[in-house]
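So the protein sequences, as listed, match chains W and L.
Residue 297 in the numbering used here is what sits at position 50 of the first sequence, and the numbering runs on without skipping anything.
Residue 346 in the numbering used here is what sits at position 99 of the second sequence, and the numbering runs on without skipping anything.
The beta-carbon is built from N, C-alpha and C at its ideal position, and this holds for glycine as well.
Computed from a predicted structure; not experimentally measured.
Some notes on the structure that comes next.
Number of protein chains: 2
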Amino acid sequence: MSGAFAYSGSAISAIDDKGRLSVPAFLRKNLVDSSDGRTLCLGTHEKWDCLVGFGLSRKADMLTEIDKQWEAAIARGESFDKDAAGARKFSSLQDLSFDASGRFILPPQLREIGNLDGNVLFHGIGTTFCLWNPQTLLDTTDDVPVDRRLVEHHLKEAGQKSGGKQK
Amino acid sequence: MSGAFAYSGSAISAIDDKGRLSVPAFLRKNLVDSSDGRTLCLGTHEKWDCLVGFGLSRKADMLTEIDKQWEAAIARGESFDKDAAGARKFSSLQDLSFDASGRFILPPQLREIGNLDGNVLFHGIGTTFCLWNPQTLLDTTDDVPVDRRLVEHHLKEAGQKSGGKQK
DNA sequence: ACTATACCCATAAAATCCCGTAAAATCCCC
DNA sequence: GGGGATTTTACGGGATTTTATGGGTATAGT
Numbered sequence: 248m249s250g251a252f253a254y255s256g257s258a259i260s261a262i263d264d265k266g267r268l269s270v271p272a273f274l275r276k277n278l279v280d281s282s283d284g285r286t287l288c289l290g291t292h293e294k295w296d297c298l299v300g301f302g303l304s305r306k307a308d309m310l311t312e313i314d315k316q317w318e319a320a321i322a323r324g325e326s327f328d329k330d331a332a333g334a335r336k337f338s339s340l341q342d343l344s345f346d347a348s349g350r351f352i353l354p355p356q357l358r359e360i361g362n363l364d365g366n367v368l369f370h371g372i373g374t375t376f377c378l379w380n381p382q383t384l385l386d387t388t389d390d391v392p393v394d395r396r397l398v399e400h401h402l403k404e405a406g407q408k409s410g411g412k413q414k
Numbered sequence: 248m249s250g251a252f253a254y255s256g257s258a259i260s261a262i263d264d265k266g267r268l269s270v271p272a273f274l275r276k277n278l279v280d281s282s283d284g285r286t287l288c289l290g291t292h293e294k295w296d297c298l299v300g301f302g303l304s305r306k307a308d309m310l311t312e313i314d315k316q317w318e319a320a321i322a323r324g325e326s327f328d329k330d331a332a333g334a335r336k337f338s339s340l341q342d343l344s345f346d347a348s349g350r351f352i353l354p355p356q357l358r359e360i361g362n363l364d365g366n367v368l369f370h371g372i373g374t375t376f377c378l379w380n381p382q383t384l385l386d387t388t389d390d391v392p393v394d395r396r397l398v399e400h401h402l403k404e405a406g407q408k409s410g411g412k413q414k
C-alpha cells in the first residue's frame, strides 16, 4: 500500500525572483517518503482554480487505477478510453525535483494557470495538497471547503512580512 | 506489470530544417529506461488526430492487452479478431532511434499524418505520450481532455520565440 | 554524384546544484 | 518556565551542468 500518506496543514511560501518556491517543511517529509527522492508532481486542478501536488508514488497509483477501470470495463464488454482517462490525469502533471532546502522552480505555465504571484498558499487535503493564490482562494465562488479565517490569517502575516511587495 | 513508466507533462519542441525533432528531456528518461537504449516507437493514434510515442517495452504490454481483450470476449461467448486488433495497434508503428541529445528524424509520412509542421506539442498521458500540432489540438472537436490553457500557453511562448516562423 | 541519414561540435538559455545568511523553531539547562 | 544555544528553515545569489537547437561532416545507398 503505497498511499499511507496524508497531507494536512497549511502555510504560505513566497516565489523568489528566479521563480523558485520552497515546499513547506511539514509537507516535505511525506513528499520525500512517497517519491523515492526529492520529487514533487505538480499539475493543474481539474475543478478548482489552483494547482495540485503530491509525491511520485501517487502517479503509479493513478496508472493502476486506470488499468483497473479498463479491465472492469472489458470484462463487461464495454469500452473504456484509456487515453482519455490518462490525458485527463497526466497531461498537466510535471515531475519537479526540489533541492535539499525544499526549493523547486515553478514552471511558468503552471504559475500562470494557478494565478500564482508572490505568495503561495499550500494546503493539504489528504492524498494531495493544493497551491493557491491566497487572494484567489478567498474570492472564489466555487465550493472550496476551507476555513477562510485560516487563509486570512496567513495572508495578514505574509503581508506584513513582505510589505505587500508582490513583485 | 512493466509499466512503472508514467509519461506526464507537456512541452513544445520545434522541427528544424533537416526534419529533426528532439524529445523533451522529461520524457526521455522514461523512454531510455523502457527501451533499453535510445529507441522511440512512434505511430499514428487510433482515434485522435495526432501521433503516439512510447518506449520499446510498451509493445509487449500492448500484446498482453490484446490478449486480455480476447480472453474477455471469449468469456462472454463473443468473438474477437486478434489480427484486426494487432493491425490497428502495430501497423503504423516505427522504431526510431534518437541521438544522445534526444533528437530523431520524423519520418515524412508520420509528419504528414500528424499534421506536424514547425512546433510539436508533446504531452504525456500515462502509458504513452502524444505528438500534436498545437493548433490542431486546440481546434479539434474530439473529446481530448487536456487543459487548453496549457496548450495556449505553450503556443504563445513558442510563437514569440520563433516569431511565428512556421517554416 | 546526389541524397538521406547518422554522427559530431558549438552555443545560448534554462535548470540544477551549492554555499551563505538570517529568521524562526526547537532544545536544554538551570 | 525563562533565556540562551543549537538546529532547522526560508531565501538570496552565484557557479556548474543539462538541454534545445543550429550547423557541419562523413558514410551509405541508388
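I'd like to know if residue i contacts chain L, where contact means its C-beta is closer than 8 Å to some C-beta of that chain.
i         : result
Arg335(W) : yes
Gly324(W) : yes
Asp263(W) : no
Leu378(W) : no
Thr291(W) : yes
Ile321(W) : yes
Glu359(W) : yes
Gly266(W) : no
Quick test of your reading: residue i and residue j, contact by CB under 8 Å. State the CB separation rounded to the nearest angstrom.
i         : j         : result
Asn366(L) : Ala261(L) : 5 Å
Gln341(W) : Gly266(W) : Rounded, the Cβ-Cβ distance is 14 Å, inconsistent with contact.
Gly324(W) : Arg323(L) : 5 Å
Thr387(W) : Asp296(W) : 6 Å
Phe337(W) : Ala253(L) : 7 Å
Ala332(W) : Ile313(W) : 5 Å
Asn362(W) : Thr383(W) : 5 Å
Lys315(L) : Ile321(W) : 7 Å
Phe345(W) : Leu287(W) : 6 Å
Arg350(W) : Leu298(W) : Not really, about 16 Å apart at Cβ, beyond 8 Å.
List, in chain order, every chain W residue whose beta-carbon is nearer than 7 Å to that of residue i.
i         : result
Gly371(L) : Phe337, Ser338
What residues from chain W crowd round residue i, counting only those whose CB sits closer than 8 Å?
i         : result
Pro355(L) : Result: empty, since nearest Cβ-Cβ is about 25 Å, beyond 8 Å.
Phe273(L) : Gln341, Asp342
Val391(L) : Ala331, Ala334
Ala253(L) : Lys306, Ala307, Met309, Leu310, Phe337
Leu385(L) : Ordered by position in chain W, no residue passes the 8 Å Cβ test against Leu385(L), which lies about 14 Å from the chain.
Are the C-beta of residue i and some C-beta of chain W separated by less than 8 Å?
i         : result
Leu278(L) : no
Lys315(L) : yes
Arg396(L) : yes
Thr374(L) : yes
Ser257(L) : yes
Gly411(L) : Model confidence at Gly411(L) stands at a pLDDT of 41, short of 50, so the residue's coordinates are unreliable; what they give is reported in the following sentence. Answer no: the Cβ-Cβ gap between Gly411(L) and chain W never drops below 8 Å.
Any chance the CB of residue i is under 7 Å from a heavy atom of the ligand GTP?
i         : result
Ser282(L) : Ligands are entirely absent from the displayed structure, and the ligand GTP is therefore not among its contents.
Residue range of the alpha helix (DSSP H) that residue i falls in?
i         : result
Asp330(W) : 329-337
Trp379(L) : Per DSSP, Trp379(L) belongs to no alpha helix (DSSP H); it is in the beta strand (DSSP E), 376-379.
Ser304(W) : 303-322
Ile360(W) : 355-360
Phe345(W) : That residue, Phe345(W), is in no alpha helix (DSSP H); it is neither H nor E in DSSP.
Ser281(W) : 272-281
May I ask which residues mark the beginning and end of the beta strand (DSSP E) holding residue i?
i         : result
Leu368(L) : 366-371
Ala253(W) : From DSSP, Ala253(W) is part of no beta strand (DSSP E); its letter is neither H nor E.
Leu340(W) : No beta strand (DSSP E) contains Leu340(W), which DSSP labels as neither H nor E.
Thr387(L) : Looking at the DSSP string, Thr387(L) is not in any beta strand (DSSP E), and its letter there is neither H nor E.
Ile352(W) : 350-352
Cys288(W) : 286-291
Ser326(W) : Looking at the DSSP string, Ser326(W) is not in any beta strand (DSSP E), and its letter there is neither H nor E.
Leu268(W) : 267-269
Which chain L residues are close to residue i, counting only those with a beta carbon under 9 Å from its beta carbon?
i         : result
Ile352(W) : What Ile352(W) touches in chain L: nothing, since even the nearest Cβ is about 13 Å away.
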